[in-house]
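Participant: If you scroll down you'll find the structure; I have some questions about it.
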Amino acid sequence: SRKMDNPRYGTVPNKDLPVVALKDGAGTARVLAGNALGVRGSFETVQDVQMIDFHLEKGSTYDFTINRGLDTAMLYVYERCLKSVNGKNDIPTGSVIVFDASSDEDRGFNIQTKDYNAGVMLFAGKKLKEQIAWHGPIVMNTQEQIRSTMQELRSGEFPPKRVDWDYKRISAFPKK
């Protein structure tokens, strides 16, 4: 939908990401993007999303409700494993759980940890319902857009806007 907009580059140091203590001592949540838990994440996005890094304490239970307007969500268990997610037991490390968040009944999830801490990432957004064409790292809507972008890439014209700092090094990040 807005694939030809100028790119947005950004590297946000951990210290600049809002961290929220979860209720009942369940752990903390680092809000990367979108509005959640009374704060707004530092990452800028074109579409409304929620990206949250949950650090859950051992033996905890936590309930979360995804924002209205977002209809798809994915949980990625990246550290340790979980006792359960929405009643499904024994979720191993590396698991990806995708669920429909389009209705109020399906918008939330319940996580329970085992006898150790766990890390879980939430990615939530709204389906764009657009045609998809891709080639390598380039994703567009049509093969013609892919061909045009590949030509721009080969000629050095893509991306159309570049930053004047090394976005791969946090120390080079511009001071505000």
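Under this note's numbering, read the sequence shown as residues 10 to 185, first letter to last.
No residue lacks a Cβ here, since even glycine has one placed at the ideal position from N, Cα and C.
Please read these numbers as outputs of a predicted model, since none were measured by experiment.
1. With distance defined between alpha-carbon atoms, name the residue in V107, N95 and K184 nearest to M83.
2. Is R116 buried or exposed, if buried means 16 or more other CB atoms sit within 10 Å of its CB?
3. Pop quiz: T70 and A35 are said to be a contact at Cβ under 8 Å. What is the actual Cβ separation, rounded to whole angstroms?
4. Counting only the same chain and skipping the five closest in sequence on each side, list residues whose C-beta sits under 8 Å from that of I147.
5. Could you check if V55 is buried or exposed, using at least 16 other CB atoms within 10 Å of its CB as the buried criterion?
6. Which residues does DSSP pair with E88 in a beta bridge?
7. Closer than 8 Å by C-beta to R49: which residues in its own chain qualify, once you throw out the five before and the five after it? Chain order, please.
8. Which term fits L65, buried or exposed, when burial requires 16 or more other beta carbons within 10 angstroms of its beta carbon?
9. CB D14 to CB S51, shorter than 8 Å?
10. Quick one: grab the DSSP three-state call for Q6.
11. Any idea which residues DSSP pairs I147 with across the strands?
12. At the level of alpha carbons, what is the spacing between D72 and S164?
13. Should D62 go down as buried or exposed, given a rule of 16 or more other Cβ atoms within 10 Å for buried?
14. Between Y85 and M149, is the Cβ-Cβ spacing less than 8 Å?
15. Helix, strand or coil, according to DSSP, for S93 in the structure here?
16. Assuming F102 is part of the beta strand (DSSP E), what are its boundary residues?
Facilitator: According to the structure data:
1. That would be V107, whose Cα lies nearest to the Cα of M83.
2. It is buried - the Cβ of R116 has at least 16 other Cβ atoms within 10 Å.
3. Between T70 and A35 the beta-carbon gap is near 7 Å, inside 8 Å, which marks them as a contact.
4. Taken in chain order, the residues that qualify are I155, T158, M159 and L162.
5. V55 comes out exposed.
6. DSSP lists G128 as partners of E88.
7. For R49, where only same-chain residues beyond five positions count, the Cβ hits under 8 Å are P27, V40 and G43.
8. With 16 or more other Cβ atoms within 10 Å, it is buried.
9. The Cβ atoms of D14 and S51 do not sit closer than 8 Å to each other.
10. Because residue 6 is not part of the residues shown, which for the chain are 10 to 185, the question remains open.
11. Under DSSP, I147 shares a beta bridge with H144.
12. Rounded to the nearest angstrom, the two C-alpha atoms are 50 Å apart.
13. Counting the other Cβ atoms within 10 Å of the Cβ of D62 gives 16 or more, which makes it buried.
14. No, Cβ-Cβ distance for Y85 and M149 is not below 8 Å.
15. If DSSP states are grouped into helix, strand and coil, S93 belongs with the strands.
16. This sequence places Thr at residue 102; Phe is not what is there. For T102, there is no enclosing beta strand (DSSP E), as DSSP marks it with neither H nor E.
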